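Mapping to the working numbering: the sequence shown position 207 is 207, numbers consecutive.
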Amino acid sequence: MENPLITVITPTWNRGKYIQRVWNGLRKQTYKNIEWIVCDDGSEDETILKLKEIKKLTKFKMIILHAKKRVGKTRLDNAAINMATGEFIVWNDSDDYFLEDGIEKLVSTWLKIPDLDKKMYIGITAQCKDIEGKIITNPPIMKSFDTTWNDLREELKYTGDLVYFTRSSVIKKNLFPEVDFVIPEGVVWTKLGKEKIKVIQDVVKIVEYKADNCISFSGKMEYCRGKAYAIPIIKNNLSQYNNKFIKDIWQTITYIRYSIHGEIRLKEIINLSEGSILKRNIYLFYFISMILVIVDQCRNKVIKTHIEFNKSRRIEIQKIDS
């Protein structure tokens, strides 16, 4: 563990114009013991051609996973996690890139933790800047401290993207539910969020928002089944925090709304909410949710991504050797 191998995971979908920037960030790292698993989700642009060219020039271990048609970020992330051989896993999305000393700062922070204490921590969290150079975390982190991911968000009220540098042995036991092309990552991070982490003030990565083909700002109601599955899981993982009555009501309505768009039957809607405050509100707010569902459909906002996702289960994720 004096020089641990770090696995960097990059899922990408029609992001050929950005992939060179990701690679440049990794090849310039001052910390060299890394492997890069880049997962192409059936891209129809030049992504695969660029990845093959990049691999010929890459001195660190690089693995290319490819699906001939789109299979979704959840399946690709899980495939990469299962293949990872590093002691730690960190994500580098296709529109982001690491600063040259980014990974070194994460590793050096870990190595400074006394050996007897390391077993109490699951990882390190650091800050990001946007493409204009502004720190994304609000409020900015000014000094290092110990906490948990859930306390960081819910108790201390920090918002904005952060880097999660996590022991791979922990993530391998907590894979993403494969129910839609995309599922909110909180289904995993809030579950792991009860364990101890070290937060550092260092900025280690640049994040670009609203890049081409961005899945987060489409303005449509898509990945509804993934979002529906995530809401009660996240709610349960954060049950120790005080929730406001109005917030609970709106989360229930949102959960029902996404569930209906995701074609989840009422019985399963209730079963999925087991152990959550959502369950006791479902019958009470089902009618209101149905009204919003009809409005969504009339406004042509809904994309039933789960239908195509179900078809994609037959598509294999293959490793490209050259």
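Ideal Cβ placement from N, Cα and C applies to all residues, glycine included.
These numbers come from a predicted model, not from an experiment.
query                                                                                                                                                                : result
Looking only at its chain, what residues have a beta carbon closer than 8 Å to the beta carbon of I234, apart from the 5 residues adjacent to it on each side?       : P184, G186, V187 and T190
Unbroken beta strand (DSSP E) runs of length 3 or more, entirely within the region 139-191: which are they?                                                          : 145-148 and 162-167
In whole angstroms, what is the alpha-carbon distance linking D321 and R21?                                                                                          : 22 Å
Does the contact criterion of 3 or more C-beta pairs under 8 Å hold for the region 88-107 versus the region 21-30?                                                   : yes
Report the rounded CA-to-CA distance for E308 versus I197, giving the unit in angstroms.                                                                             : 38 Å
Looking only at DSSP bridge pairs, what is L65 linked to?                                                                                                            : C39 and K319
Are any of the Cβ atoms in chain B nearer than 9 Å to that of D296?                                                                                                  : As a matter of chain content, chain B is missing from the structure shown, which is built from one protein chain.
With distance defined between alpha-carbon atoms, name the residue in D146, M83, T252 and V182 nearest to I113.                                                      : D146
Using only alpha-carbon positions, find the residue among G72, N33, E178 and W149 that is nearest to C39.                                                            : G72
Can you tell me whether DSSP reads P232 as helix, strand or coil?                                                                                                    : helix
Would you kindly report the start and end of the unbroken beta strand (DSSP E) that includes D130?                                                                   : Y121 to D130
Based on the DSSP secondary-structure assignment, which residues constitute the bridge partners of Y286?                                                             : None, per the DSSP bridge assignment.
May I ask which residues mark the beginning and end of the alpha helix (DSSP H) holding Q201?                                                                        : Here Q201 belongs to no alpha helix (DSSP H); instead the beta strand (DSSP E) covers K196 to V207.
Whole-angstrom Cβ separation of L116 and V90, contact assumed at under 8 Å?                                                                                          : The Cβ separation is near 24 Å, so there is no contact.
Using alpha carbons as the reference points, say which of D41, G16 and A67 lies closest to L51.                                                                      : G16
Is it the case that the region 155-162 contacts the region 223-237, given that we only count it when at least three CB pairs across the two stretches are under 8 Å? : no
Could you tell me which of D130, L162, G133 and N281 sits nearest to I141, measuring between CA atoms?                                                               : L162
When you compare each of R70, L26 and K55 to E44 by their alpha carbons, which one comes out closest?                                                                : R70
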